Amino acid sequence: MKYKCLIVDDEAPAHKVLQSHINKTDLLEIAGDVYDGKEAIDFMRSNKVDLLFLDIDMPKLSGLELLQCMPYPVPVILTTAYSNFGFEAYQHDVVDYLLKPISYPRFLKSINKAIRLMGAEQGGKPEEETAFPDIELKYDGILKIINTRRILFIEAVGNYIRIHLEDEKPMLVTQTMKYIGSLLPRDHFTRVHKSYIVKREAIAEIRKTEITLSNKVVLPIGRKYSVLLEP
Numbered sequence: 011m012k013y014k015c016l017i018v019d020d021e022a023p024a025h026k027v028l029q030s031h032i033n034k035t036d037l038l039e040i041a042g043d044v045y046d047g048k049e050a051i052d053f054m055r056s057n058k059v060d061l062l063f064l065d066i067d068m069p070k071l072s073g074l075e076l077l078q079c080m081p082y083p084v085p086v087i088l089t090t091a092y093s094n095f096g097f098e099a100y101q102h103d104v105v106d107y108l109l110k111p112i113s114y115p116r117f118l119k120s121i122n123k124a125i126r127l128m129g130a131e132q133g134g135k136p137e138e139e140t141a142f143p144d145i146e147l148k149y150d151g152i153l154k155i156i157n158t159r160r161i162l163f164i165e166a167v168g169n170y171i172r173i174h175l176e177d178e179k180p181m182l183v184t185q186t187m188k189y190i191g192s193l194l195p196r197d198h199f200t201r202v203h204k205s206y207i208v209k210r211e212a213i214a215e216i217r218k219t220e221i222t223l224s225n226k227v228v229l230p231i232g233r234k235y236s237v238l239l240e241p
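Mapped onto our numbering, the consecutive letters of the sequence shown carry residue numbers 11 to 241.
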């Protein structure tokens, strides 16, 4: 599942920044982008939106005015160059208040907060995706964002780790197993060997000294780690 996002801002550079951040985040997709509050209302009347990125200072209909007349309730993250609207913003129960220029780490923190909120509103139990957070790793000199649900297993390779993904080639990253293990959700990933961390859902078969994954890869089980695979 991906959350459909609508960008509402009267400045094109702001659209480009948010589009870039959204495109780097696995759980999000762009439903549309509009340049004033009136366009936002028209768009929402004919399209499903899960999350709104809303500027405050806009012509025709400001962001705060839009909050009072939206066609249906949607979690809102305010994006603004002004810091003096905090009180008014939180009167409208917005998820977060992002000051421009918006860095990706700050954006991601806001998104994680929004997803937790949306999961809680859907029956008190987070959506499956919220149990698999995004992590940031530097790969080929570029900061890459990976949703942990895409990871099948992680392999130690000398001073590196190799991350094996469901849908693209493995990534060789300068990092330690201890560090990557601290980022992974413990309910879904297990150390099975000093050189391997595996996603539990990817395990197809467990034998005494090895496991077979859903992609047919066979990995050894370290003696001291076998207890971690017990139901």
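Cβ coordinates follow ideal geometry from the N, Cα and C atoms, glycine included. On a predicted model such as this, the values are computed, not experimentally measured, just so you know.
Under 8 Å between C-beta atoms of residue i and residue j
i, j, result
"isoleucine 171", "isoleucine 190", "yes"
"tyrosine 147", "leucine 162", "Here residue 147 turns out to be leucine, not tyrosine, going by the sequence shown. For leucine 147 and leucine 162, no; Cβs fall outside 8 Å."
"glutamate 220", "isoleucine 231", "yes"
"tyrosine 149", "valine 183", "yes"
"isoleucine 173", "serine 120", "no"
"leucine 118", "threonine 35", "yes"
"isoleucine 51", "proline 81", "yes"
Identified DSSP bridge partners for residue i
i, result
"phenylalanine 63", "Ile17 and Ile87"
"asparagine 157", "Asp144"
"isoleucine 152", "Tyr149"
"glutamate 215", "Thr222"
"isoleucine 207", "Ile164 and Arg201"
"aspartate 106", "Ile87"
Given residue i as reference, the closest of the options once Cα atoms are compared
i, options, result
"proline 85", "Lys48, Met128, Asp43 and Leu153", "Met128"
"arginine 116", "Val27, His203 and Thr158", "Val27"
"asparagine 157", "Leu38, Ser30 and Asp20", "Leu38"
"glycine 42", "Pro23, Thr35, Leu62 and Lys34", "Leu62"
"aspartate 103", "Leu153, Leu229, Thr200 and Pro83", "Pro83"
"arginine 196", "Thr186, Glu211 and Gln185", "Glu211"
"leucine 193", "Ile164, Asn169 and Gln29", "Ile164"
"threonine 186", "Leu223, Lys179, Lys204 and His198", "Lys204"
"tyrosine 92", "Lys188, Lys12, Met80 and Tyr107", "Tyr107"
N- and C-terminal bounds of the alpha helix (DSSP H) containing residue i
i, result
"tyrosine 189", "187-193"
"leucine 28", "22-33"
"isoleucine 281", "Outside the displayed span of the chain (11 to 241) sits residue 281, for which this structure offers no information."
"glycine 232", "Careful: glycine 232 lies outside any alpha helix (DSSP H) and carries neither H nor E."
Length of the line joining the Cα atoms of residue i and residue j
i, j, result
"arginine 126", "lysine 58", "19 Å"
"leucine 238", "valine 202", "7 Å"
"leucine 64", "aspartate 144", "23 Å"
"lysine 70", "tyrosine 45", "10 Å"
"leucine 109", "valine 227", "46 Å"
"lysine 48", "valine 208", "49 Å"
"proline 136", "phenylalanine 142", "In this predicted model, proline 136 has a pLDDT of only 46, less than 50, meaning its place in the structure is not dependable enough to derive any value."
"leucine 74", "phenylalanine 53", "17 Å"
"aspartate 67", "threonine 90", "8 Å"
"glycine 168", "asparagine 33", "32 Å"
"aspartate 177", "arginine 160", "7 Å"
"leucine 77", "valine 18", "12 Å"
"proline 23", "arginine 55", "26 Å"
"arginine 233", "arginine 217", "12 Å"
"leucine 223", "histidine 198", "14 Å"
"lysine 14", "aspartate 60", "5 Å"
"lysine 123", "valine 105", "7 Å"
"serine 30", "serine 113", "11 Å"
"asparagine 3", "proline 180", "The structure shown does not extend to residue 3, since the chain is modelled only from 11 to 241, so the question has no answer here."
"leucine 229", "methionine 11", "30 Å"
"glycine 151", "proline 111", "23 Å"
"aspartate 20", "lysine 188", "45 Å"
"glutamate 138", "serine 72", "Model confidence at glutamate 138 stands at a pLDDT of 49, short of 50, so the residue's coordinates are unreliable; what they give is reported in the following sentence. Distance between the alpha carbons of glutamate 138 and serine 72 is about 35 Å."
"leucine 16", "cysteine 79", "16 Å"
"glycine 134", "serine 236", "Residue placement at glycine 134 is flagged as unreliable, the pLDDT there being 45, under the threshold of 50; the coordinate-derived value follows with that caveat. Whole-angstrom Cα-Cα distance: 34 Å."
Extent of the continuous beta strand (DSSP E) to which residue i belongs
i, result
"leucine 76", "It is not in any beta strand (DSSP E) - leucine 76 instead sits in the alpha helix (DSSP H) that spans 73-77."
"glutamate 220", "220-223"
"arginine 55", "From DSSP, arginine 55 is part of no beta strand (DSSP E) but of the alpha helix (DSSP H) over 47-56."
"valine 183", "181-183"
"arginine 3", "Since the first residue shown for the chain is 11 and the last is 241, residue 3 is missing from the structure and cannot be characterised."
The ligand FAD heavy atom lying under 7 Å from the CB of residue i
i, result
"lysine 26", "Absence of the ligand FAD from the depicted structure is noted, as is the absence of any ligand whatsoever, leaving it without description."
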